[in-house]
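These notes are about the structure you will find just below.
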Amino acid sequence: MPTTTSKAVSPEGPAPATKTTVTGEAGSGRQQRLNPQQQAAVEYGQLCAESGFRSDPLLIIAGAGTGKTNTLAHRTAHLVLNGVDPERILLMTFSRRAAQELANRAKLILAQEAEARGAAGTALNIGWMGTFHSVANRLLRQYARSIGLEPDFTIMDRGDAADMIDLLRHQLGYSSTGKRFPKKATCVDIYSRCVNAQAPLEQILKQHFPWCADWHDELKTLFRAYAATKLEQVSLDYDDLLLFWFHMVSEPAVAETIRARFDHVLVDEYQDTNLLQAGILQRLFPTGRGLTVVGDDAQSIYSFRSANVENILQFPTLFDPPARVIPLSANYRSTQGILDVSNVLLSESRSGYKNVLYSHHCEQPGANTGEKPLLVSVEDEEQQAKYIVEQVLLAREEGIALKRQAILFRSSHHTDRLEIELRRADIPYVKHGGLKFLEAAHVKDALAVLRWADNPKHRLSGFRVLKLLPGVGPKSAEKILDYLALHNFSFSALGSFQSGHLPQQEWLQLVQLLPDVHHNVLPWAEQMPAVASWYRSILEENYDNPFVRGGDIDQLAQIAQQFSSRERFLSELTLDPPVSTGDLSKHPHKDDDFLILSTIHSAKGQEWRNVFVINVADGNFPNEYAVDKPDELEEERRLLNVAITRAQRQLHLIQPLKYWVPEQQRLGGKHVYGAKSRFLTRAVVETLQPESYPIRQLTEADRLAGELALTDIKAKVMGMWDD
29 MPTTTSKAVS PEGPAPATKT TVTGEAGSGR QQRLNPQQQA AVEYGQLCAE SGFRSDPLLI
89 IAGAGTGKTN TLAHRTAHLV LNGVDPERIL LMTFSRRAAQ ELANRAKLIL AQEAEARGAA
149 GTALNIGWMG TFHSVANRLL RQYARSIGLE PDFTIMDRGD AADMIDLLRH QLGYSSTGKR
209 FPKKATCVDI YSRCVNAQAP LEQILKQHFP WCADWHDELK TLFRAYAATK LEQVSLDYDD
269 LLLFWFHMVS EPAVAETIRA RFDHVLVDEY QDTNLLQAGI LQRLFPTGRG LTVVGDDAQS
329 IYSFRSANVE NILQFPTLFD PPARVIPLSA NYRSTQGILD VSNVLLSESR SGYKNVLYSH
389 HCEQPGANTG EKPLLVSVED EEQQAKYIVE QVLLAREEGI ALKRQAILFR SSHHTDRLEI
449 ELRRADIPYV KHGGLKFLEA AHVKDALAVL RWADNPKHRL SGFRVLKLLP GVGPKSAEKI
509 LDYLALHNFS FSALGSFQSG HLPQQEWLQL VQLLPDVHHN VLPWAEQMPA VASWYRSILE
569 ENYDNPFVRG GDIDQLAQIA QQFSSRERFL SELTLDPPVS TGDLSKHPHK DDDFLILSTI
629 HSAKGQEWRN VFVINVADGN FPNEYAVDKP DELEEERRLL NVAITRAQRQ LHLIQPLKYW
689 VPEQQRLGGK HVYGAKSRFL TRAVVETLQP ESYPIRQLTE ADRLAGELAL TDIKAKVMGM
749 WDD
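Under this note's numbering, think of the first position of the sequence shown as 29, with each following residue one higher.
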C-alpha cells in the first residue's frame, strides 16, 4: 500500500449552524437545520435536462458527532426531490438497522417538504439498501444460475465455518500431528484474512500469524478442501458473499447489467471497508459518477476484520477528475474541551485528513464549553474500580442516569476487578462485546434444524441435529447422512432408515418435520414454532437450566415472525444477528436503569453523557503487540480517539500506576508498573486536567515534617563522604 501523507481538510472556521432548505426543482420547502458544510454535501451535483440529477464522486469526511446520519438522509431526500427514482438508489451501511434509520429519516424529510408545498408526499421506497453482505446475498441469488451457483444456497455463520474446518482438520489427519496444528478458530481467522485482504496465504501468515508459518502447505490443503466442501453442500460462508460478488462484477458484462440498475450509490462508514468491498465499488462504478461515500479515517479501527484505512485515504485519486472531498467539522456531541483532546491527539498522527472538529455548543450564547477532561492517576486496578464506582454514584445523585454513563475498555478482561466492585456497590450493568445471542449452543441447535430442513445437502447442520438425539453418536449420524445422500437428499427416504439406536418418538417427529418444512407443507409462520416445539422435547436431555434456554428458543421463534420467508430469516439472522445483553447485577431492570460497560470497538457509533476510559497506559493504549508496527500503532491512536469522542460532557482517562499479575495477586505477590501511554504527549496532557485518586490534602504539619525529614536524610547521605 502506498504511504499516505496528511491531508488538510480543516474547515474555514466555526460557521454558525443555519436553517437551510433541501428542495427539488420546485423551489422552497420546509427549512431543515443544516450547517454550510452539510448543505454543500447534500446538494453536490447538478440537474441536467437530458440525464436527470448527475453527481461526480463525492467523499464526505464526517468527523465524530458531526451529524453524518442527518446529512446522508438529507442527501437521499435531495436526490428524490430532484427526480431520482428511489428504486434506483443503492444505500449500503454496516448494519441493517442503520440503513432503515436513514431511509426513515429521508422519508420524514420528504413528508415535511410535501407539507410545506401543500402537495402530496413523494413516495420513498428504496428497493436496495442494507449491508454489503445482505446486498451481495440478494444479488447472488438473482444471478446464481449465470455463475453456476444454486440460488437456494445456505449461508454459514462463523461458528458453522469453524465446525466444518474442524471436521476437515480431523479428516486430513492434522488433529493428530506431532506438532500442535492451529485450532479451528485460528484457521478460520487465517482463511478470512486471505479472502478479505485478497492476499496470498504466505503473506498473511508472515504478517499476522507468524507462529503458524510452518503449516503453510497443510493450511493451503485444508482451505482447498474447505472451499470444495462448501460448494458440494451448496453453502457459502460470510466471506464468500463478498468474494463471489467481487468475482461476479469482475466480469464486464455482469458488472454492466448490475450497474444499469442504479443511478446513485451512497455508502456509509467507508473507512471500515476492506479491499474486496472497495474493489466491488470500483468495478461497478469505474467513473465514480453517482457514487457518494461517507466516513472518517480517524475512526478506522477494524483492521482485525481486514478493514483498510487506505480505501478512504486513496478514494479521491481513483477517479478523473478526482472526487470532491467535503469535511463535516461542526461537532454536535461533545464540549470543546473534549474535542481539544481529540484534535491534538490526531494532529500527532503521521497520516489522515486532519479534520479539526469544533463544538457546536460554543455557538450557543452562554453555553458551557466544558472544563478540561480529567487524567486520573490511581495506584492500581482496585483503586481504579473504586474511583469509578464513587464517580458513577455521585453523577447518579446529580441526576445523570446510569444508562448515560459508560466505562470503555480495550479488552474484555480489563473489567474483571471493576465488575466485582459494581456488584458490591449493587450497581446493575450491561456489558457489551461478550457472547453473541447466536453463539449460544442451544440457539445454534434450533437454527441447525431449520437450516438442514432448508438445505438437505448442508451436512454440517444435519450432523449437529442428529447428534442431539439420544443414543446417536458421530458414527450413527454419518450413516444417516450417507443414507440421505444415497437417496438423492430426499427427506422422505429417512422414514425407511432402520436402526435400533434411534429414539422412536423424537426420530419419527423429526422425519415428519423435515419434509414438511422443506416443501412448505407448513406455512412459514408455523415452521419455526414447529422446530421449537420439537427441540424442546430434547432440550432437557442435552443442557442444564432448560427453562431459561427454552426462553431463548421462544424468542427465536418470535424473531422469525418478523421475516417474510425462511430464506430471508436465515440469511438476515446470519448477516445481521441480535446481540445478548451480557451480565447484569442481580435484577436486570432494577430502577429500569443500568450502567454501560463496553469494549471500544463495540462502542463505536454510540455516545454517553459521562465516559470513563480505563487502563490508559502503554500495553493497553497502545496495545503491546502494536508498538513496533507503525500502521497498527496509528490504529491504536484512532482507537483511543474513538473512546474519547464517545463523551458528551465529562471524560475521565484513568491510568493505573501498577497492575497485579493475576496468578500472584492472591498470594500478595508480583505486580508490574504501568508505563505512561506514549499517546499522552506533553501537548495532549496540556488539554487535560491531571488528578490523583484518592486525593489527600497536604496539611501544614505534613509539609514541615517533610522538610525536616529531607534535611536529616541529606545530612546522612552526605555524611558517608565526610572525612
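Ideal Cβ placement from N, Cα and C applies to all residues, glycine included.
From which residue to which residue does the beta strand (DSSP E) around residue 202 run?
Annotation for residue 202: no beta strand (DSSP E) segment contains it, and DSSP assigns it neither H nor E.
What residues in its chain sit with their C-beta under 8 Å from that of residue 501, if we drop five residues either side in the sequence?
495.
Give the range of the alpha helix (DSSP H) segment to which residue 323 is assigned.
Secondary structure note for residue 323: it is in no alpha helix (DSSP H), and the uninterrupted beta strand (DSSP E) holding it is 319-323.
Here's a check: name, in chain order, each residue in its chain whose Cβ is nearer than 7 Å to the Cβ of residue 188, leaving out the five neighbours to either side.
Taken in chain order, the residues that qualify are 488.
Where are the beta strand (DSSP E) runs, 3 residues long or more, that stay fully inside the segment 231-287, in chain order?
Taking 3 residues as the minimum length, the beta strand (DSSP E) runs contained wholly in the segment 231-287 are 263-265, in order along the chain.
Is residue 663 near residue 123, with beta carbons less than 8 Å apart?
In this structure, residue 663 keeps its C-beta atom at 8 Å or more from the C-beta atom of residue 123.
Buried versus exposed, by CB contacts within 10 Å (16 or more), residue 683:
Looking at its Cβ environment, which holds 16 or more other Cβ atoms inside 10 Å, residue 683 is buried.
Nearest to residue 215 (by Cα), restricted to the options 184, 674 and 254
Ranking 184, 674 and 254 by Cα distance to residue 215 puts 254 first.
Which parts of the segment 53-123 are runs of the alpha helix (DSSP H), unbroken and 4 residues or longer, counting only runs that do not cross its ends?
Restricting attention to alpha helix (DSSP H) runs no shorter than 4 residues, the segment 53-123 encloses them at 64-71 and 96-109, ordered along the chain.
Is the beta carbon of residue 587 closer than 8 Å to that of residue 474?
In this structure, residue 474 keeps its C-beta atom at 8 Å or more from the C-beta atom of residue 587.
Between residue 339 and the ligand SAM, is the CB less than 7 Å from at least one heavy atom?
Looking at this structure, you won't find the ligand SAM or any other ligand, since it has none at all.
Span of the alpha helix (DSSP H) holding residue 563?
Bounds of the alpha helix (DSSP H) holding residue 563 are 552-570.
Roughly how many whole angstroms lie between the Cα atoms of residue 121 and residue 95?
The alpha-carbon of residue 121 is positioned some 16 Å away from that of residue 95.
According to DSSP, which residues form a beta bridge with residue 680?
Looking at the DSSP output, residue 680 sits in a beta bridge with 402 and 640.
From which residue to which residue does the beta strand (DSSP E) around residue 624 run?
It spans 623-627 - the beta strand (DSSP E) in which residue 624 sits, taken as one unbroken run.
Starting from the C-beta of residue 90, find all residues in its chain whose C-beta is less than 6 Å away, skip the five residues before and the five after it, and write them out in chain order.
Taken in chain order, the residues that qualify are 96, 322, 324 and 356.
Locate the alpha helix (DSSP H) running through residue 364, then write down its first and last residues.
Per DSSP, residue 364 belongs to the alpha helix (DSSP H) from 364-375.
Contact check, residue 623 vs residue 415 under 8 Å by CB: the rounded distance?
No, residue 623 and residue 415 are not in contact; Cβ-Cβ is about 14 Å, not under 8 Å.
Got a sec, what are the start and stop residues for the beta strand (DSSP E) residue 219 sits in?
Following the DSSP letters along the chain, one finds residue 219 in no beta strand (DSSP E) but inside the alpha helix (DSSP H) bounded by residues 212-225.
Rounded to whole angstroms, what is the Cα-Cα separation between residue 161 and residue 266?
Spanning the two alpha carbons is a distance of roughly 8 Å.
In angstroms, rounded to a whole number, what distance separates the CA positions of residue 711 and residue 361?
Distance between the alpha carbons of residue 711 and residue 361 is about 23 Å.
By Cβ distance, which residues of its chain are closer than 7 Å to residue 3, with the 5 residues on each side in sequence left out?
Within the shown structure, residues of the chain are numbered from 29 to 751, placing residue 3 beyond reach of any answer.
Contact between the segment 302-313 and the segment 643-652 is defined here as three or more beta-carbon pairs at a separation below 8 Å; is this criterion met?
Taking 8 Å as the limit for Cβ pairs, the verdict is that the segment 643-652 does not touch the segment 302-313.
By Cβ distance, which residues of its chain are closer than 6 Å to residue 155, with the 5 residues on each side in sequence left out?
So the qualifying residues of the chain are 115.
For residue 744, the three-state DSSP class (helix, strand or coil):
Of the three classes helix, strand and coil, the one that applies to residue 744 here is helix, per DSSP.
Name the DSSP beta bridge partners of residue 356, please?
90, per the DSSP bridge assignment.
Near residue 135, what residues of its chain come up, given a Cβ to Cβ distance below 7 Å and the 5 sequence neighbours on each side ignored?
Only 152 meet the Cβ criterion.
Quick test of your reading: residue 603 and residue 182, contact by CB under 8 Å. State the CB separation rounded to the nearest angstrom.
Not confirmed; about 13 Å, so no contact.
Classification of residue 482 by the beta-carbon crowding that lies within 10 angstroms, buried from 16 upward:
Answer is buried; the Cβ neighbour count reaches 16.
Going along the chain, which residues of its own chain have a beta-carbon closer than 7 Å to the beta-carbon of residue 278, five neighbours each way excluded?
Cβ neighbours of residue 278 beyond the five flanking positions: 311.
Judging by CA-CA distance, which residue of 644, 658 and 670 is the nearest neighbour of residue 636?
Among 644, 658 and 670, the Cα nearest to that of residue 636 belongs to 670.
Within 10 Å of its beta-carbon, does residue 103 have 16 or more other beta-carbons around it, so buried, or fewer, so exposed?
Counting Cβ neighbours within 10 Å, residue 103 comes out buried, since at least 16 surround it.
Counting only beta-carbon separations shorter than 8 Å, does residue 341 have a partner in chain B?
Of the protein chains in the structure, only one exists, and it is not chain B.
Buried/exposed call for residue 749, threshold 16 Cβ in 10 Å
Taking all protein chains in view, the Cβ of residue 749 is surrounded by fewer than 16 other Cβ atoms within 10 Å, so the residue is classified as exposed.
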